[in-house]
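Chemist: Chains as they are written, first to last, in my numbering: chain A, 1 to 112; chain B, 113 to 225.
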Amino acid sequence: DTGVSQDPRHKITKRGQNVTFRCDPISEHNRLYWYRQTLGQGPEFLTYFQNEAQLEKSRLLSDRFSAERPKGSFSTLEIQRTEQGDSAMYLCASSLFQDTQYFGPGTRLTVL
Amino acid sequence: GQQLNQSPQSMFIQEGEDVSMNCTSSSIFNTWLWYKQDPGEGPVLLIALYKAGELTSNGRLTAQFGITRKDSFLNISASIPSDVGIYFCAGDPPGNAGNMLTFGGGTRLMVKP
């Protein structure tokens with residue numbers, strides 16, 4: 001099964017540290033999305049790429065957040081100087097153009 | 113921005129019972145999607161709806177895209193313990209071209225054997 005994969009599945013870090021997450025989309029999908037989900041809420045859109053171009057960013061994506069998709073395949077999401085409010089599940093999804101989005105298992109971040 | 117209101121927020125039912133949940137919005141949507149999420153996992157797509165009035169089934173699940181394009185419902189027939197989880201509706205608003213899904217707050221389903 002070659003679905004969306006994310007690494008790591010869990011990350012615990014201390015406030016002020018930088019963290020980086022990776023997402024590998026379904027291989028033929030050209031769009032890749034990042035969402036954030038806090039406890040008891042639905043996912044909230046952060047940003048998306050079409051191939052290597054980052055085409056849209058939510059206002060939730062503060063200056064401390066940066067996402068890349070350098071070769072149009074996998075993507076990384078980096079959070080600098082983490083804060084306790086960054087604790088959440090970070091979900092990646094992929095699609096073929098505007099077709100249905102398929103989600104990965106997520107990376108759960110805990111900031112102490 | 114657009115908001116999706118899901119109800120009920122939670123349900124506790126007996127195994128074998130039918131379940132109904134819905135999602136409403138003050139704005140129209142081009143697409144309605146229903147996902148299920150298990151603890152510690154990402155959402156898994158259950159049903160996708162693309163046309164107003166569309167009624168689609170997937171096994172024991174049935175979902176409809178409301179005729180006004182502002183609502184959708186999901187029914188589960190003859191519930192079983194593995195139906196436990198959180199069900200999310202998600203929509204793709206006009207002018208968005210499928211870039212950004214808006215999610216509801218979820219319906220938590222608990223099934224008593």
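Backbone N, C-alpha and C define an ideal beta-carbon position, used for all residues, glycine too.
The model shown is predicted, which means the values in this text are computed figures rather than measured ones.
Are residue 198/B and residue 130/B touching if we call contact CB-CB under 8 Å?
Modeler: no
Chemist: Using CA coordinates, which residue listed in 217/B, 203/B, 218/B is at the minimum distance from residue 211/B?
Modeler: 203/B
Chemist: Within 8 Å, do at least three Cβ pairs link the segment 51–66 of chain A to the segment 93–109 of chain A?
Modeler: no
Chemist: Would you mind telling me which residues of chain B sit closer than 9 Å to residue 54/A, beta carbon to beta carbon, in chain order?
Modeler: Near residue 54/A there are no residues of chain B at all, since even the closest Cβ is about 12 Å away, more than 9 Å.
Chemist: Specify the secondary structure class of residue 204/B as computed by DSSP and reduced to three states.
Modeler: strand
Chemist: Which of the three DSSP states, helix, strand or coil, is assigned to residue 85/A?
Modeler: helix
Chemist: Please identify, using Cβ separations under 7 Å, the residues of the segment 79–91 of chain A that lie next to chain B, in order along the chain.
Modeler: 91
Chemist: Please classify residue 161/B as buried or exposed, where buried requires at least 16 other C-beta atoms within 10 Å of its C-beta.
Modeler: Buried, since its Cβ has 16 or more Cβ neighbours within 10 Å.
Chemist: Does the contact criterion of 3 or more C-beta pairs under 8 Å hold for the segment 139–148 of chain B versus the segment 15–26 of chain A?
Modeler: no
Chemist: What is the DSSP secondary structure of residue 194/B, counted as helix, strand or coil?
Modeler: Residue 194/B: helix per DSSP, three-state reduction.
Chemist: Quick check on residue 104/A - is its C-beta less than 8 Å from some C-beta in chain B?
Modeler: yes
Chemist: Determine, using beta carbons only, whether residue 71/A and residue 52/A come nearer to each other than 8 Å.
Modeler: yes
Chemist: What is the C-beta distance between residue 175/B and residue 184/B, in whole angstroms, given that I count them as a contact (C-beta under 8 Å)?
Modeler: 6 Å
Chemist: Going along chain A, which residues have a C-beta under 9 Å from residue 173/B?
Modeler: Result: empty, since nearest Cβ-Cβ is about 16 Å, beyond 9 Å.
Chemist: Counting C-beta neighbours from all protein chains within 10 Å, is the total for residue 46/A 16 or more, i.e. buried, or is it exposed?
Modeler: buried
Chemist: Of all the residues that make up the segment 192–223 of chain B, which are near chain A by a beta-carbon distance shorter than 7 Å?
Modeler: 200, 209, 210, 211, 212, 213, 215, 216, 217, 218
Chemist: Since residue 153/B meets chain A, which of its residues come closer than 8 Å, beta carbon to beta carbon?
Modeler: Correct list: 105, 106.
Chemist: By the three-class DSSP mapping on this structure, what secondary structure does residue 212/B have?
Modeler: Three-state result, residue 212/B: coil.
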